[in-house]
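In what follows, a single structure is set out as structure tokens and then discussed.
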């Protein structure tokens, strides 16, 4: 699935004051199960068995920039992937990857399909780069998912 998102205000220009009379905003979308599993994993005092985390990853839908490229860190390649479309848009805006009009092409794929068919065997993933619950999974960990 491919869609185009447009970045919102604060990434492109200073935030505007909200109007005084404003309808109540819809409640925020619940966090994906993958994010909840990542937070639980990171909050544990000792690293728990990764089975739940890897199962959550395997069953997740991952979102990435349509022209995603790997990044080289520590001599290894990593692919930035995200748990939501909005996180891709935020990352693309911060990394200056958005189109001139502020739009971002986003591709959504089941993680299992991405790992089995598109991700080279030596490439790891960074899930939700820059977020508090960020996950860095080496290539072998991704293959185990």
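Residue numbers (our numbering): 17 to 161. The beta-carbon is built from N, C-alpha and C at its ideal position, and this holds for glycine as well.
Query: Pair within 8 Å by beta-carbon distance, residue 120 and residue 105; Result: yes
Query: Residue span of the beta strand (DSSP E) that contains residue 160, given as start and end; Result: That residue, residue 160, is in no beta strand (DSSP E); its alpha helix (DSSP H) goes 155–160.
Query: Strand pairing of residue 93, partner residues [DSSP]; Result: 88
Query: When 70, 99, 116, 148 are compared against residue 158, the one with the closest alpha-carbon; Result: 70
Query: N-terminal and C-terminal residue of the alpha helix (DSSP H) that residue 71 is part of; Result: 67–75
Query: Identity of the residue in 151, 99, 55 nearest residue 122 by Cα; Result: 99
Query: Reference residue 137; option with closest CA among 57, 92, 51; Result: 92
Query: Which of helix, strand or coil DSSP assigns to residue 52; Result: helix
Query: Continuous alpha helix (DSSP H) stretch holding residue 106: start and end; Result: 101–110
Query: 6 Å CB neighbourhood of residue 79 in its chain, flanking five on each side removed; Result: 98, 101, 104, 122, 124
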